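*Asks:* One structure, as structure tokens, below. Some questions next.
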Amino acid sequence: MKLQKSLIALALAGLSVVSLSAQAHKPWLLPSSTEVEVGRDGTAWVTVDAAISEGLFDIDHQPLKLDGIDITGPGGIKVAPENVNNGKLRNTFDLKLPKAGTYKISLVSQSVFGSYKDKEGNVKRFRGTEESLAKDVPADATEVKLSRTDSRLETFVSTGEVSTDVLKPTGKGLELVPVTHPTELRAGEKATWRFLLDGKPAANQGVSLIPGGVKYRGTLGEIRKTTDANGELTLVLPAAGAYMVSSSWPAAAPQVQGQPPQMPPRRATYSAVLEILPE
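See the structure below:
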């Protein structure tokens, strides 16, 4: 029952920036460093933690499944995770960076969930994929309500130098196009980010920036911004540390007391773990 409630919380987390920034369970990919030095043996390695937690970057709930993880490096090279460890509260893997430049680590998913009435008139709820839809919803179902979600979770690391080819958008779902390079963020400096929805500027899009370590501060420490007509926002970067930037589309409809949140026909969510370096 506890796991089921957690999954429901995850599904609803994409409804609004408010829900993403509340103390709901959040999935994350946290690299040991975003600026990776080459070792004495001439190779560069980074370790990535993957988990779902209530406290951001706290290991307090369950591991994040790594099925479908995509790691792209400079020049479009594909890199496979190594030394994958599946733990009780988190998963980890090592990543060898064979070329100088910037790498993007992504988990992208498309899901379908909703409800229907069976032939006895009972309301049934489900969550699956486009491929499983025919199995999830019987042919004789009535009052079928569907909501499709495109989710993207990312982080970035660089070694030797930075590159920009992995920052090109795919044109699908909600995406961050970092005008300021994501591994060159320093406290006190300005950063500009552009958000796109299906390749077009995501205007008036709410964005949340949350630092890890809330259990040591006692406050969330969230920064909220809204994009302009070009889908861009600029902010002065706060103190050094690991942060999650997140956004979701569309904004949530007002909730009616005593009823579950209304699910739009389509939702798109984006989250990325970024490291802000000292001045």
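Position 178, counted from 1, in the sequence shown is what the working numbering calls 593; the numbers after and before it change by one each time, with no gaps. In this text, a Cβ means the ideal position worked out from N, Cα and C, and glycines have one as well. It should be emphasised that the depicted structure is a prediction, and the values quoted were computed from it without experimental measurement.
Need the endpoints of the beta strand (DSSP E) that Leu591 sits in, please.
*Replies:* Counting along the chain, the beta strand (DSSP E) containing Leu591 begins and ends at Leu589 to Pro593.
*Asks:* If contact is defined by three or more beta carbon pairs under 8 Å, each pair taking one atom from either stretch, is the region 592–610 in contact with the region 473–491?
*Replies:* Short answer: they don't touch.
*Asks:* Would you list the residues sitting across from Gly656 in a DSSP beta bridge?
*Replies:* Bridge partners of Gly656: Ile691.
*Asks:* Leaving out five residues on either side along the sequence, give the residues of the same chain with a beta carbon under 8 Å from the beta carbon of Asp475.
*Replies:* Within the same chain, Asp475 has close Cβ partners Ser468, Glu469 and Leu504.
*Asks:* Between Glu535 and Leu568, what straight-line distance do the alpha-carbon atoms span, to the nearest angstrom?
*Replies:* In a straight line, the C-alpha of Glu535 is about 40 Å away from that of Leu568.
*Asks:* Hey, how far is the Cα of Pro626 from the Cα of Asp533?
*Replies:* So the two alpha carbons sit approximately 45 Å from each other.
*Asks:* Are at least three pairs of beta-carbons, each pair with one atom in the region 677–691 and one in the region 654–666, less than 8 Å apart?
*Replies:* With the cut-off at 8 Å, the region 677–691 and the region 654–666 touch.
*Asks:* What number of angstroms, rounded off, separates the C-alpha of Val577 from the C-alpha of Arg563?
*Replies:* When rounded, the distance between both Cα atoms is 35 Å.
*Asks:* How would you write the range of the beta strand (DSSP E) that Val629 sits in, first residue to last?
*Replies:* Segment Val629 to Arg632 is the alpha helix (DSSP H) holding Val629; no beta strand (DSSP E) there.
*Asks:* Pull up the distance between the alpha-carbon of Ala459 and that of Ser573, whole angstroms please.
*Replies:* Cα to Cα, the separation comes out at about 10 Å.
*Asks:* In this structure, does DSSP put Pro489 in helix, strand or coil?
*Replies:* In the structure shown, Pro489 sits in a helix (DSSP, three-state: H, G or I).
*Asks:* When the distance is taken between beta carbons, is Pro653 closer than 8 Å to Ile638?
*Replies:* Yes, the Cβ-Cβ distance between Ile638 and Pro653 is below 8 Å.
*Asks:* Is the number of C-beta pairs between the region 516–524 and the region 482–496 that are closer than 8 Å three or more?
*Replies:* At 8 Å Cβ cutoff, the stretches touch.
*Asks:* Indicate whether Ser448 and Val463 have their beta-carbon atoms separated by less than 8 Å.
*Replies:* No. Outside cutoff.
*Asks:* How is Leu548 classed by DSSP in three states: helix, strand or coil?
*Replies:* DSSP places Leu548 in helix when its eight states are reduced to three.
*Asks:* Is Thr598 closer than 8 Å to Ala687 when the C-beta atoms are compared?
*Replies:* Taking 8 Å as the Cβ cut-off, Ala687 and Thr598 do not qualify as a contacting pair.
*Asks:* Suppose only complete runs of 4+ residues qualify. What are the alpha helix (DSSP H) ranges in the region 470–547, listed by chain order?
*Replies:* Within the region 470–547, no complete alpha helix (DSSP H) run reaches 4 residues.
*Asks:* Does any C-beta atom of chain C lie closer than 8 Å to the C-beta of Lys493?
*Replies:* Looking for chain C here will not work: only one protein chain is present.
*Asks:* Please go through the same chain and pick out, in chain order, the residues whose beta-carbon is closer than 7 Å to the beta-carbon of Glu694, but skip the five residues on each side of it.
*Replies:* The residues are Arg601, Ala602 and Gly603.
*Asks:* Are Leu445 and Phe472 close, meaning C-beta to C-beta below 8 Å?
*Replies:* A contact, by the Cβ cut-off of 8 Å.
*Asks:* Going by CA-CA distance only, name the one from Met678, Ala655 and Gly646 that's closest to Leu356.
*Replies:* The structure shown does not extend to residue 356, since the chain is modelled only from 416 to 694, so the question has no answer here.
*Asks:* If distances are taken between C-alpha atoms only, which option among Pro679, Val538 and Leu512 comes closest to Glu452?
*Replies:* Ranking Pro679, Val538 and Leu512 by Cα distance to Glu452 puts Leu512 first.
*Asks:* Taking the alpha-carbon of Gly593 as reference, which of Arg542, Tyr531 and Leu648 has the nearest alpha-carbon?
*Replies:* It should be pointed out that residue 593 corresponds to Pro in this sequence rather than to Gly. It is Leu648.
*Asks:* May I have the straight-line CA-CA distance separating Ser436 from Val552, to the nearest angstrom?
*Replies:* Low confidence applies here, because Ser436 scores a pLDDT of 38, under 50, leaving its location unreliable; read the following figure in that light. Cα-Cα distance, rounded: 32 Å.
*Asks:* Let's see if you can read the secondary structure: which residues bound the beta strand (DSSP E) around Glu599?
*Replies:* Premise fails: Glu599 is in no beta strand (DSSP E) and is neither H nor E.
*Asks:* With DSSP collapsed to three states, give me the class of Asp464.
*Replies:* In this structure, Asp464 counts as strand in the three-state DSSP scheme.
*Asks:* What is the rounded straight-line gap between the Cα of Gln438 and the Cα of Asp456?
*Replies:* Confidence is the limiting factor: at Gln438 the pLDDT is only 48, short of 50, which leaves the residue's position unreliable and the question unanswerable from this model.
*Asks:* Should Ser526 and Val538 be called a contact, given that it needs their Cβ atoms to be closer than 8 Å?
*Replies:* No.
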